[in-house]
Amino acid sequence: MLGLSDKSWLVEMLHPQDAAAAQSAGDAPPPREYDAYFGLGYSVRLLDRPPVFKVSLAGLALGAYLVRALDDTMLEGSFLDLGTGSGVHALLLRRLGATHVTGTDLSCEAVMLARENELLNFGDQRITFQESDLFLGLNAPSGQYDTVIFNPPGWRTPSQRLLARLASNADGTDMPVSAMFYGDDVLLKFLEQLPRHLKPGGRAIVGLNSLVGIQDVLGRYRLGHAGKPPLRYRLLERHALPLLYYSASWRAQQGALEAEFRDWRDHALAAYSTDGRGSIYWSYEIVEFQFSER
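Dropping the structure here:
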């Protein structure tokens, strides 16, 4: 169960050769279903179906924050889970007692999987899952929500050099570059659109990856509004997490990716640390956005 003992899963992601060797030696293949635990007894069961992401350590941290922070009054409001993926946070919200939940994703595969996961957990479908690019095409009557939850792509816009390297190693089954990159552009677009979709007194809970260049993005956001943006923000909590390469072809380009990350850091566009084995650790930061007081 993820969220209780993640050691075996981390070993598999950080050292895929060792995991592959163990499986070839006769170990059972990984299950098609898995559980994610978030605290206070709250968990959800999910189907593991690539190319939809399996719940990450960041996703577990965000879910645990929701369990800790949302009270009964907050759960009476309306929720929008942007980039819902497997639907994990939307499902957790329903498990917590929320009754007005919408989950959206750019991927039709993710939306279909999220619907299946709701049936798997509850036996019926009450969450509105739909395809959407950020807020485009939302079916809510007012288009506004009390709480918006968003985990944007974690890495910033790649160089043309890196794009060429990734394209040269693609085998046609790999996840798209947009799944992890262009997070800075997506986040700025999200922040510009967000005020139109928050109810008065509403808030957005956003999980940010330090490889997106948090200070750079927020600085550009403030600059675009002459230092007085419509939204204020504050850090709720922070976690140091190991960097994982989610596909074989991306692991094959690990050297090129690390060179890109170093270039970002050298230009103050990313933050991370490296341990004695060369493993990269990044900062996952849960940030709250609300309307600025005028």
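Counting from 1, one number per residue, gives the positions in the sequence shown under full-length UniProt numbering. For each residue, glycine too, the CB sits at the ideal point set by N, CA and C.
Residue i versus the options, residue with shortest Cα-Cα distance
{"i": "P51", "options": "L57, R196, L106, I127", "result": "L106"}
{"i": "L40", "options": "L47, A64, L46", "result": "A64"}
{"i": "F129", "options": "A90, T99, S43, T157", "result": "A90"}
{"i": "Y246", "options": "E293, F53, V148", "result": "F53"}
{"i": "H239", "options": "A268, T147, L208, A248", "result": "L208"}
{"i": "L134", "options": "P242, P195, R115, E260", "result": "P195"}
{"i": "V101", "options": "Y34, Q144, M175, A69", "result": "Q144"}
{"i": "R234", "options": "E118, L57, F289", "result": "F289"}
{"i": "L163", "options": "E260, L62, G77", "result": "E260"}
{"i": "A256", "options": "G77, A61, L66, S168", "result": "S168"}
{"i": "L136", "options": "P176, Q193, G77, V44", "result": "Q193"}
{"i": "M175", "options": "Y284, G97, A110", "result": "A110"}
Cutoff 6 Å; reference residue i; Cβ partners in own chain excluding five residues on either side
{"i": "E237", "result": "I286"}
{"i": "R49", "result": "L113"}
{"i": "residue 316", "result": "Residue numbering for the chain in the displayed model covers 1 to 294; residue 316 lies beyond these limits and cannot be assessed."}
{"i": "I280", "result": "L243, Y272, T274"}
Beta-carbon contacts of residue i that lie in its chain and below 8 Å, excluding the five residues immediately before and after
{"i": "S8", "result": "Bear in mind that a pLDDT of 43 at S8, under 50, signals an unreliable position, so the number given afterwards is only what the model happens to contain. Hits under 8 Å: none found."}
{"i": "R265", "result": "A271, Y272"}
Closer than 7 Å: residue i CB and nearest the ligand GTP heavy atom
{"i": "F53", "result": "Questions concerning the ligand GTP fall outside what the structure shown contains, since it holds no ligand whatsoever."}
C-beta contact flag for residue i and residue j at 8 Å
{"i": "A204", "j": "F150", "result": "yes"}
{"i": "T104", "j": "T73", "result": "no"}
{"i": "R222", "j": "P229", "result": "yes"}
{"i": "L2", "j": "Y34", "result": "yes"}
{"i": "L241", "j": "A69", "result": "no"}
{"i": "S178", "j": "P153", "result": "yes"}
{"i": "L231", "j": "L191", "result": "yes"}
{"i": "L80", "j": "V148", "result": "yes"}
{"i": "R120", "j": "L188", "result": "A quick correction: the sequence has Leu, not Arg, at residue 120. No, they are not a contact pair."}
{"i": "V212", "j": "R156", "result": "yes"}
{"i": "G77", "j": "E118", "result": "no"}
{"i": "R126", "j": "R165", "result": "no"}
{"i": "Y158", "j": "F181", "result": "What sits at residue 158 in the sequence shown is Pro, not Tyr. Yes; because the gap between Cβ atoms is below 8 Å, this pair is in contact."}
{"i": "L82", "j": "G97", "result": "no"}
Same chain only: Cβ atoms within 7 Å of residue i, ignoring 5 sequence neighbours per side
{"i": "L4", "result": "Y37"}
{"i": "G183", "result": "P152, P153, G154, W155, R156, N209, V212"}
{"i": "L92", "result": "F38, Y42, V44, G63, L66"}
{"i": "N139", "result": "T128, Q130"}
The stretch 273-283 / the stretch 183-202 touching (three or more Cβ pairs under 8 Å)
Verdict: no, contact absent.
Is the stretch 252-259 close to the stretch 210-219, with three or more CB pairs under 8 Å?
Touching, no, given that fewer than three Cβ pairs across the two stretches are closer than 8 Å.
Taking the runs of the beta strand (DSSP E) that are 3 residues or longer, which of them lie wholly in the stretch 189-220?
When DSSP assignments are scanned along the stretch 189-220, the uninterrupted stretches of beta strand (DSSP E) that are 3 or more residues long and fall wholly within it turn out to be 198-209.
Give, in chain order, every unbroken run of the beta strand (DSSP E) that is at least 3 residues long and sits entirely within the stretch 37-103.
42-47, 78-82, all fully within the stretch 37-103.
Unbroken stretches of the beta strand (DSSP E), 3 residues or longer, contained in the stretch 210-289
Within the stretch 210-289, the complete beta strand (DSSP E) runs of at least 3 residues are 231-242, 272-274.
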